[in-house]
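First residue of the sequence shown: 4, per our numbering; consecutive thereafter. Positions of the beta carbon are idealized from the N, C-alpha and C atoms, including for glycine.
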Amino acid sequence: MAITLANLASLSAGVPSMAVSSTSKSDRKPLVERAVIVGGGLGGLSAAIQLRKMGIDAHVYDKYQRLSGGEGTMISIFPNGCKVLNHADPIILDKMKEVGKIDMLSLGVTPQGDRVSEWRLSSHMEETYGQPLIAILWQDALKILADALPEECKHTGYECFNISQGEEGATVHFKREDETISIEAPLIIGADGIHSTTRKILFGAVEPRDNGRTMWRAVIDRSLCSHKALVTGTLASMQNGRTTFIINGVKDKLYWALSVTDECTQGETKIRSRSKEEAKERLLKYFEGWDVATHVIQATDPEFILERRVLDVPVLPKWSCGHVILLGANQGLPIFHHLSDAAHAVTPSYGQGANLAFEDGLELAKQLTISSDLRSAFEAYEKARIPRASIISEKSQSIGVRPTDEFYNWLYTAVPES
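In structure tokens:
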């Protein structure tokens, strides 16, 4: 069924509230004592924090040799994500605010840099929803979450290649260097990216959807740019299939993301650049006459330019099988390490990828402490999360269409209060 704002209210009415009681590991024993999380991205790490808070010995296993990912990008943590992080540990949210940037001026500008609108979005969100909008380097957000977990529960260099299930639990089979290591647990959580091995094992291959555009991004020193339009804050332009989005002033860095649709280039953007230098040349051609975009492109060393197709994964109708369950979303941008989007990957229109992943982890942790058995916990989790993810995924397909205030109110408030 297509999910639109017309049936948003009825769907939302059937979604259980995510309000969290004062339940903690001292109040009620969780359904499982241990959990293995496959994938050490934002979603996997935040889920581990929520589970451990509830008294579950959660361990994160990642295939790379260090917990990293999201190089060359920033993320936005919206009020719903802030509320979830605050529930996990207020110190985590405080660190995100300290390292990131809040209450920057947001500008809508023409391609030439002339202002057409301006607002302070973060302060508006804090006044309206109780938490601000935080712009933060992806790597910094990942480090803050990783540092919040004990070293002994973070495992790197473990590549999942199979999962077998039994009556009492499941076993994840990893490759680690020349070894095969099998780890059994009563609960396995897949948070291992848009090309999730866990999802493929459970439900078969699900090909990501191509959204008909290519995006280029980079993080550079802001001192390299001197265009008069580049105030501290965010700038956005959209015209004829081309978009620019810039965040200037987070840790003395400037982040830019430029996208171009296939339609406006007669399909040329479907062809990948053969080198970083070619990517820069293409961008200068596509954004000829766009003063601000051209300025930041010229200031960027080609080595820092990341080129990716914009992809997403359709929201699956079911996220669990036996003792294994999926969680996580991302902004649908690059095929990077650690996008934590095994269940649903969304496009970047609303910047909700990481925020939805945070919500997933909290909802799962909650259900594991209030449900009568694992199957009931999984069913309640899916009932709470799938409709919400489906609505946001469908809305994210629209480019340049501003949702109603009703949608934003639902998006930022249908989350737990700490």
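Counting every other CB atom within 10 Å of its CB across the protein chains shown gives Pro135 a total of 16 or more, marking it as buried.
Shown here, Trp322 sits in coil according to DSSP, grouped into three states, outside any helix or strand. Note on Trp219: 16 or more other CB atoms within 10 angstroms of its CB, so buried under the neighbour-count rule. Taking 8 Å as the cut-off, the beta carbon of Val87 is found no closer than this to the beta carbon of Ala194. Taking the Cβ atoms as the reference, Thr235 lies roughly 18 Å from Ala296, outside the contact range of under 8 Å.
Taking the Cα positions, Gln142 is about 7 Å away from Ser71. With a cutoff of 8 Å on beta-carbon distance, Ile197 and Leu314 are scored as near each other. In this structure, the alpha-carbon of Arg388 lies about 8 Å from that of Glu366.
DSSP, reduced to helix, strand and coil, places Asn251 within a strand of the structure shown.
Straight-line spacing of the CA atoms in Pro114 and Asp92 works out to 41 Å. Under the three-state reduction of DSSP, Glu170 is assigned to coil, being neither helix nor strand. For Ser323, the CB contacts under 6 Å within the same chain, skipping 5 residues up- and downstream, are Phe381 in chain order. DSSP lists no beta-bridge partner residue for Tyr289.
The beta carbons of Ile52 and Ala151 sit closer together than 8 Å.
In this structure, Gly111 lies near Ala239, with their beta-carbon atoms less than 8 Å apart. The Cβ atoms of Ala173 and Ala188 sit closer than 8 Å to each other.
Put simply, of Trp259, Pro153, Ile186, Arg311 the residue whose alpha carbon is nearest the alpha carbon of Lys273 is Arg311.
Distance between Phe164 and Lys66, taken at the CA atoms: about 10 Å. Note on geometry: alpha-carbon atoms of Tyr289 and Ile105 lie some 32 Å from one another.
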